[in-house]
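*Asks:* Per the working numbering, residue 136 is the first one in the sequence shown, and the count goes up by one each step.
We put the CB at the ideal spot given by N, CA and C, even for glycine.
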Amino acid sequence: MQNTFYKIDHHYNPKINISQYHPHLQQQQQSHTTNWSGKSNVKSFREQIDKALTRWHQLQQDKLQYEQQNQQHEQQKQIQYHDDKQIKTCPTIDFDQIMEEDLENQLKELERKEEEEYLLLERSLEEQLKQEEYNKD
Numbered sequence: 136m137q138n139t140f141y142k143i144d145h146h147y148n149p150k151i152n153i154s155q156y157h158p159h160l161q162q163q164q165q166s167h168t169t170n171w172s173g174k175s176n177v178k179s180f181r182e183q184i185d186k187a188l189t190r191w192h193q194l195q196q197d198k199l200q201y202e203q204q205n206q207q208h209e210q211q212k213q214i215q216y217h218d219d220k221q222i223k224t225c226p227t228i229d230f231d232q233i234m235e236e237d238l239e240n241q242l243k244e245l246e247r248k249e250e251e252e253y254l255l256l257e258r259s260l261e262e263q264l265k266q267e268e269y270n271k272d
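Encoded structure:
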């Protein structure tokens, strides 16, 4: 097999033999294309293509499996999110909050009663003062 390349600086770019400019490349290429197992290059290229296609198909299957697992995981997340949301929207009994509200109501009631008693006491004292003033006169 003779390797050729185009000479860039020539006007018509005719093909020239590669060994004229780089004799060591011809030897390296021959060693790369030499088939030590006795198989032809065509067969080894087909094997390489078959291996590459097999690997590509395997990667595609792995990709599909990964996408399916990812979809299942996302669906589980959505289901869990909806379950959590439903749990949060359901009314829950918060005993601390109920006790706090009850104590606040009791305190307000006591303050209201205290205010009423204070007003009654104030009225009674005013009446007493009026009585005393009336009696003095």
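1. Straight-line CA distance for residue 255 to residue 236?
2. Can you name the start and end residues of the alpha helix (DSSP H) that residue 233 belongs to?
3. Taking the C-alpha atoms as reference points, what is the distance between residue 244 and residue 258?
4. For residue 180, collect the residues of the same chain with a Cβ closer than 7 Å to its Cβ; drop the 5 residues on either side in sequence, then sort them by chain order.
5. With H, G and I counted as helix, E and B as strand and the rest as coil, what does DSSP make of residue 227?
*Replies:* Taking the geometry as given:
1. Taking the sequence shown and counting its residues from 1, the one referred to as residue 255 is at position 120. Taking the sequence shown and counting its residues from 1, the one referred to as residue 236 is at position 101. Taking the straight line from one Cα to the other gives about 29 Å.
2. Locating residue 233 in the sequence shown gives position 98, counting from the first residue. Counting along the chain, the alpha helix (DSSP H) containing residue 233 begins and ends at 230-271.
3. By 1-based counting over the sequence shown, the position of residue 244 is 109. By 1-based counting over the sequence shown, the position of residue 258 is 123. Rounded to the nearest angstrom, the two C-alpha atoms are 21 Å apart.
4. On the sequence shown, residue 180 is found 45 positions in, with the first residue counted as 1. Cβ neighbours of residue 180 beyond the five flanking positions: none.
5. Your numbering for residue 227 matches position 92 in the sequence shown. Three-state result, residue 227: coil.
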